[in-house]
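Per this note's numbering, residue 502 is the first one in the sequence shown, and the count goes up by one each step.
Glycine included, C-beta positions come from ideal geometry on N, C-alpha and C.
The structure under discussion appears below in the form of structure tokens.
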Amino acid sequence: MIDLPRVHAAYQSELDEAIHAVVKSGSYIGGPAVAKFQERLTNFMKTPTFGVGNGTDALQIALMALGIGPGDEVIVPAFTYAASAEVIALLGATAVWCDVDPQTFNIDPESVKLALSAKTKAVIAVHLYGQLADLEALENIIGSVPIVEDTAQAFGARFTSGKHKGKFAGTVGAFGTLSFFPTKPLGAMGDGGAIIANDKLLFDHALSIARHGQSKKYVHDIIGVNSRLDPIQAAVLNVKLNHFDESLKRKQEIAALYQDELASLERIELPKRVGYSSHVWHQFTLKVIDGNRDDLQSSLNQAGISSMIYYPISLADQNAYKNMVHRMPIETSRLLCKQVLSLPIDPSMSDEDVLYICQVIKQYF
Ligand SMILES: Cc1ncc(COP(=O)(O)O)c(C=O)c1O
């Protein structure tokens, strides 16, 4: 889906130099590369941030900092990656499913209304595929219930209108969480993640949890975890942040080309752009509405084209989560599992690569 060595080749010497500097420095936990990246990330987001081990840890730490535990409910879409719900169960709390919008794939605020209860302690709003969930509509429904923005797939996306205009994904809720999994919009060469929080008390609490519950060295006030951003990954991220804008621009061009080329096909629906958000195109996900999604995927496969189904089974239908609460229908999530297909969107793709994929799809139909 994404040829990372080819993406990295464009600035290989910068990467080699940054990694080598860490190797030579002897600072293998924390150190200057991590400090520099955290500072740059905070400046970029215009909101305080700190690094952790991965995006799943970031979600878990955010929920721990909100005091979520047994007896509490957290509302989460049934159509997302497992990590968004796993962390709720790990803390002994209960995931309550809500549905997503059939056009945007993001959390449906109206369905959250039906999932709310007196036990609701947080809502996880996932910005799926790179476009922002409608947080303003969500806030109007949930009032003061804290939002954790799962921003794993939407680094760099911004509100372009409304109450949050100009703000980046992850900076609106009580917490935002980032994943630097290599294929993510800002990807490392291994695992990495970050936490974003405006509120100083919540920020400090989350930071302490991520550092074994320490308030100062060897003073442990609360039970925490060990979750740190690795310095070699921070060094890679410092370089990749320099190239984020050009990578995003290329992905936007590729998405526009897909949209133009595939617009006339009646048996698919192209990704809908909402008016209030930019799109960082973590995925270019279309819907095959004639029931033949798997058949189209086989044809792409035969033509040497990768494609992916994010996600084939709703979380509510996974064995691991069968004890979680099902308070309202999640039929859109279930239908999307049968319809969605993500096409390659890799900043190192040429226009010819994209046109070839479009030609195979058009021939199929
Ligand atoms: C929506 C979502 N949330 C959370 C995660 C977890 O991130 P990580 O793999 O860094 O733990 C991912 C990564 O795949 C994701 O896509």
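Through-space distance from Asn641 to Tyr865, alpha-carbon basis: As a first step, residue 865 is located in the sequence shown; it is residue number 364 there, counting from the start. As a first step, residue 641 is located in the sequence shown; it is residue number 140 there, counting from the start. Near 44 Å, if we compare the C-alpha coordinates of Asn641 and Tyr865.
Pair within 8 Å by beta-carbon distance, Met829 and Ser612: Taking the first residue of the sequence shown as position 1, residue 829 is located at position 328. Taking the first residue of the sequence shown as position 1, residue 612 is located at position 111. For Met829 and Ser612, yes; Cβs fall inside 8 Å.
Touching by the beta-carbon criterion (3+ pairs, under 8 Å), the stretch 509 to 518 and the stretch 736 to 748: Touching, yes.
Distance between Glu518 and Asn699 (C-alpha atoms, nearest Å): Here residue 699 is taken as the residue at index 198 of the sequence shown, counted from 1. Here residue 518 is taken as the residue at index 17 of the sequence shown, counted from 1. Taking the straight line from one Cα to the other gives about 34 Å.
DSSP-derived helix/strand/coil call for Arg659: In the sequence shown, counting from the first residue as 1, residue 659 sits at position 158. Arg659 falls in the strand class under three-state DSSP.
Reduced DSSP secondary structure (H/G/I, E/B, other) of Asn918: The first residue shown for the chain is 502 and the last is 866, placing residue 918 beyond what the model contains.
DSSP state of Phe704 mapped onto helix, strand, coil: One-based indexing of the sequence shown puts residue 704 at position 203. DSSP places Phe704 in helix when its eight states are reduced to three.
Paired residues, beta bridge with Met809 - DSSP: Position 308 of the sequence shown, counting from 1, holds the residue named residue 809. DSSP lists Ser843 as partners of Met809.
Distance CB(Gly554)-CB(Arg712) smaller than 8 Å: For the purposes of this step, residue 554 is taken as residue 53 along the sequence shown, with counting starting at 1. For the purposes of this step, residue 712 is taken as residue 211 along the sequence shown, with counting starting at 1. Not in contact: Gly554 and Arg712 (Cβ atoms no closer than 8 Å).
Bounding residues of the alpha helix (DSSP H) (the contiguous stretch that carries Leu679): The sequence position of residue 679 within the sequence shown is 178, counting from 1. Here Leu679 belongs to no alpha helix (DSSP H); instead the beta strand (DSSP E) covers 676 to 680.
Nearest-angstrom Cα separation, counted from Ser807 out to Leu801: Taking the sequence shown and counting its residues from 1, one reaches residue 801 at position 300. Taking the sequence shown and counting its residues from 1, one reaches residue 807 at position 306. Roughly 7 Å separates the two Cα atoms.
Exposed unless 16 or more other CB atoms sit within 10 angstroms - verdict on Val577: For the purposes of this step, residue 577 is taken as residue 76 along the sequence shown, with counting starting at 1. Buried, since its Cβ has 16 or more Cβ neighbours within 10 Å.
Inter-residue CB distance, Ile862 and Ala756 (contact presumed, cutoff 8 Å): Residue numbering aside, residue 862 sits at position 361 when the sequence shown is read from its first letter. Residue numbering aside, residue 756 sits at position 255 when the sequence shown is read from its first letter. In fact, because the Cβ distance is near 15 Å, the residues do not count as touching under 8 Å.
Any non-hydrogen atom of ligand 1 within 7 Å of Thr543 CB: Here residue 543 corresponds to residue number 42 of the sequence shown, with the count starting at 1. No, the beta carbon of Thr543 sits no closer than 7 Å to any heavy atom of ligand 1.
Test: Ser843 CB closer than 8 Å to a CB of chain B: No chain B appears in this structure, which consists of one protein chain only.
Distance, His706 Cα to His783 Cα: Counting from 1 along the sequence shown, the entry for residue 783 is found at position 282. Counting from 1 along the sequence shown, the entry for residue 706 is found at position 205. Distance between the alpha carbons of His783 and His706 is about 30 Å.
When Ala536, Leu591, Gly531 are compared against Asp558, the one with the closest alpha-carbon: On the sequence shown, position 57 is the one that residue 558 refers to. For the residues Ala536, Leu591, Gly531, the minimum Cα distance to Asp558 belongs to Leu591.
Beta-carbon gap between Ile696 and Lys622 smaller than 8 Å: Your numbering for residue 696 matches position 195 in the sequence shown. Your numbering for residue 622 matches position 121 in the sequence shown. No, the Cβ-Cβ distance between Ile696 and Lys622 is not below 8 Å.
First and last residue of the uninterrupted alpha helix (DSSP H) at Asp796: For the purposes of this step, residue 796 is identified with residue 295 of the sequence shown, where counting begins at 1. Counting along the chain, the alpha helix (DSSP H) containing Asp796 begins and ends at 794 to 803.
Backbone secondary structure at Val781 - three-state DSSP: Counted from its first residue, the sequence shown places residue 781 at position 280. When DSSP states are grouped into helix, strand and coil, Val781 belongs to the coil group.
Near ligand 1: Tyr812 beta-carbon under 7 Å from a heavy atom: Indexing the sequence shown from 1 puts residue 812 at position 311. For Tyr812, the CB stays at least 7 Å from every heavy atom of ligand 1.
Glu767, DSSP secondary structure in three states: Position 266 of the sequence shown, counted from the start, is the residue given in the question as residue 767. Glu767 falls in the coil class under three-state DSSP.
Check: Tyr582 C-beta below 7 Å from any heavy atom of ligand 1: In the sequence shown, counting from the first residue as 1, residue 582 sits at position 81. For ligand 1, at least one heavy atom lies less than 7 Å from the Cβ of Tyr582.
Terminal residues of the beta strand (DSSP E) in which Gly694 lies: Within the sequence shown, numbered from 1, the residue matching residue 694 stands at position 193. Secondary structure note for Gly694: its beta strand (DSSP E) is the uninterrupted segment 694 to 697.
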